[in-house]
Amino acid sequence: MFAVLCVFLGNLVSINVSGCRKMSNSALFAILRNSPLLSEIRMESTGIGIGSIPWLDLVIYHQLKSLHLAHNSYLRDEVIYLYSRINDEVLYAISNFCPQLQQLDLERCYGITEKGVRLLVEKCTHLREINLRYCCELSTNFVAWMIFSRPSLRKIMAPPHFRACDDDGKLLFRRCLVC
Numbered sequence: 001m002f003a004v005l006c007v008f009l010g011n012l013v014s015i016n017v018s019g020c021r022k023m024s025n026s027a028l029f030a031i032l033r034n035s036p037l038l039s040e041i042r043m044e045s046t047g048i049g050i051g052s053i054p055w056l057d058l059v060i061y062h063q064l065k066s067l068h069l070a071h072n073s074y075l076r077d078e079v080i081y082l083y084s085r086i087n088d089e090v091l092y093a094i095s096n097f098c099p100q101l102q103q104l105d106l107e108r109c110y111g112i113t114e115k116g117v118r119l120l121v122e123k124c125t126h127l128r129e130i131n132l133r134y135c136c137e138l139s140t141n142f143v144a145w146m147i148f149s150r151p152s153l154r155k156i157m158a159p160p161h162f163r164a165c166d167d168d169g170k171l172l173f174r175r176c177l178v179c
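Quick note on UniProt numbering: the sequence shown kicks off at 1 and runs consecutively.
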């Protein structure tokens with residue numbers, strides 16, 4: 001039903017379907033396929049992660065600047081073998097399909113590692129804000145690497161266990177807000 005509605009969303013520039021539990025992978029890709037002007041998608045607390053993710057069928061979405069996927073319960077580790085989830089492979093796809101991305105919310109995406117985030121930070125050259133809260137696979141010094149590697153970063157919501165060293169902290173907080 002949503003795929004039919006998406007045909008009429010050609011001029012859409014922003015969409016917030018957060019809290020819509022019936023929104024799934026197919027809904028996300030229907031939105032992307034039918035909305036060439038779309039720059040922001042908020043899909044927090046939805047059904048994304050149920051079923052397969054057809055990343056290979058995508059084209060590059062240069063216009064997409066902001067993607068919010070936090071609090072999606074089907075993206076947990078317990079269902080890794082039944083459903084797709086946000087992991088390094090998905091970050092690789094996002095970095096390739098959305099190179100102009102400016103904001104990314106990955107809070108509680110437990111399957112991502114430094115390898116995936118590193119690739120995303122390197123390829124998304126306009127990235128200004130990233131939320132990594134509760135992403136437990138990231139080391140404490142990784143935040144400093146991100147700030148020095150991507151000068152466009154202005155705000156990082158740090159993973160757990162992050163503590164800035166006194167010397168590094170002063171320089172870090174001048175360049176980027178870390179919270």
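Beta carbons are placed, not taken as given, at the ideal position from N, Cα and C, and that holds for glycine.
Keep in mind it's a predicted model, so treat the numbers as computed, not measured.
- From the listed residues 16, 178, 83, 116, the smallest Cα separation to residue 40 is found for 16.
- Within the same chain, 95, 96, 99 come within 8 Å of residue 123 by CB-CB distance, once the 5 residues on both sides are set aside.
- Between the alpha carbons of residue 12 and residue 137 lies a distance of about 35 Å.
- In the three-state reduction of the DSSP assignment, residue 146 falls in the helix class, which pools H, G and I.
- Within the region 17-47, the beta strand (DSSP E) runs of at least 3 residues that lie entirely inside it are, in chain order, 40-42.
- Taking all protein chains in view, the Cβ of residue 155 is surrounded by fewer than 16 other Cβ atoms within 10 Å, so the residue is classified as exposed.
- Taking all protein chains shown into account, residue 126 has fewer than 16 neighbouring C-beta atoms within 10 Å of its C-beta and is therefore exposed.
- Listed in chain order, the non-local C-beta contacts of residue 35 below 6 Å within the same chain comprise 9, 12, local neighbours out to five positions each way being set aside.
- A straight line joining the alpha-carbon of residue 133 with that of residue 178 spans about 11 Å.
- The C-alpha of residue 48 lies about 13 Å from the C-alpha of residue 30.
- With a 10 Å radius around the Cβ and a threshold of 16 neighbouring Cβ atoms, residue 25 comes out buried.
- Rounded to whole angstroms, the gap between the alpha carbons of residue 108 and residue 86 is 10 Å.
- Distance from the CA of residue 118 to the CA of residue 161, rounded to the nearest whole angstrom, comes to 18 Å.
- The Cβ atoms of residue 103 and residue 67 lie closer than 9 Å to each other.
- According to DSSP, residue pairing for residue 130 in a beta bridge involves 104, 156.
- Straight-line measurement puts the Cα of residue 22 at about 14 Å from the Cα of residue 5.
- Annotated three-state conformation of residue 7 is coil, per DSSP.
- Ranked by Cα distance from residue 44, the options 131, 121, 146, 148 are led by 131.
- Inter-residue distance for residue 120 and residue 19 is about 26 Å (C-alpha atoms, whole angstroms).
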